[in-house]
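Residue numbers (the numbering used here): 21 to 178.
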């Protein structure tokens with residue numbers, strides 16, 4: 021069973037400014053600082069934010085589901101402003117998923133405005149099809165909101 025979910029957020033900063041957050045490790049460090057109820061910490065296992073970077077994402081105690089998972093950056097395209105990460109260990113893979121991929125895009129709209137889009141693509145084995153209901157874009161909506169606030173505050177102040 022294959023599925024996708026997606027969400028967009030308009031941000032009143034240039035796409036180049038938004039990509040400075042989305043296209044680097046800044047997004048991960050910002051999530052760890054601003055959304056502690058969703059993610060307790062994010063460790064860089066290897067890499068510097070380019071293709072091949074591996075992060076381990078830890079969830080707060082008491083939150084249902086896995087304690088952590090590892091994700092790998094499989095695409096970081098500075099020209100198209102696209103970053104793709106895939107879960108490579110734990111997390112959804114332990115729940116019968118064969119693919120859990122998140123795509124971040126920064127789309128230029130106008131001179132000082134852009135759209136950030138997050139898309140989750142997943143594939144789950146038929147015998148675990150009920151687990152597809154666990155896939156939610158809501159955590160990433162919170163990430164996009166936090167990133168938008170961070171970008172607007174820092175861009176206006178510069």
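Where is the CB? At the ideal position from N, CA and C, for every residue including glycine.
Nearest-angstrom Cα separation, counted from residue j out to residue i
{"i": "residue 34", "j": "residue 151", "result": "38 Å"}
{"i": "residue 145", "j": "residue 175", "result": "44 Å"}
{"i": "residue 143", "j": "residue 129", "result": "31 Å"}
{"i": "residue 23", "j": "residue 86", "result": "21 Å"}
{"i": "residue 171", "j": "residue 25", "result": "24 Å"}
C-beta atoms of residue i and residue j nearer than 7 Å
{"i": "residue 93", "j": "residue 105", "result": "yes"}
{"i": "residue 52", "j": "residue 62", "result": "yes"}
{"i": "residue 101", "j": "residue 126", "result": "yes"}
{"i": "residue 41", "j": "residue 167", "result": "yes"}
{"i": "residue 149", "j": "residue 21", "result": "yes"}
{"i": "residue 31", "j": "residue 136", "result": "yes"}
{"i": "residue 91", "j": "residue 65", "result": "no"}
{"i": "residue 54", "j": "residue 96", "result": "no"}
Whole-angstrom C-beta distance between residue j and residue i, which should lie under 8 Å
{"i": "residue 29", "j": "residue 165", "result": "7 Å"}
{"i": "residue 111", "j": "residue 120", "result": "7 Å"}
{"i": "residue 27", "j": "residue 124", "result": "Rounded, the Cβ-Cβ distance is 11 Å, inconsistent with contact."}
{"i": "residue 98", "j": "residue 43", "result": "6 Å"}
{"i": "residue 122", "j": "residue 138", "result": "7 Å"}
Residue i CB to nearest heavy atom of the ligand PLP below 6 Å
{"i": "residue 129", "result": "In the structure on display, the ligand PLP does not appear, and there are no ligands present to speak of."}
Quick one: complete alpha helix (DSSP H) runs, 4+ long, within the region 23-100?
35-42, 46-54
3-residue-minimum beta strand (DSSP E) runs that sit fully inside the region 112-156, ordered along the chain
117-130, 133-144
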